[in-house]
Amino acid sequence: MKDKFLKLETVAEMLDVSIWTVRKWVKQRRIRTYRFGRAVRIRESDLMRFADVMPSSKELRDELSL
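Each number in this note's numbering comes from the position in the sequence shown (counting from 1) with 4 added on.
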């Protein structure tokens with residue numbers, strides 16, 4: 005089965021975080037991205053793997069308040 009490639013906006017909605025949080029994770033190389041021309045996408049299987057180790061809501065709030 006082929007993986008879907010998701011937009012960053014879609015990933016943000018799925019994880020209930022802002023697009024800026026997703027961009028921060030991408031910049032920190034916490035989650036792998038793929039480029040198709042100028043488009044940046046995240047493979048669905050990479051997202052599922054990331055979601056397994058994703059920080060809790062409290063940890064996210066603490067991290068974002070730094």
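Note that the Cβ used here is the ideal one computed from N, Cα and C, for glycine as well. Predicted, not measured: the structure shown is a model, and the values here were computed from it.
Contact between Asp20 and Arg47 is absent: CB atoms are separated by about 20 Å, not below the 8 Å threshold. Comparing alpha-carbon positions, the option among Tyr38, Arg27, Arg42 lying closest to Ser49 turns out to be Tyr38. Non-local beta-carbon contacts of Ala55 in its own chain, meaning distances under 6 Å to residues more than five positions away in sequence, are absent.
The DSSP-derived three-state label of Val44 is strand.
Counting along the chain, Lys31 sits inside the alpha helix (DSSP H) bounded by residues 23–31.
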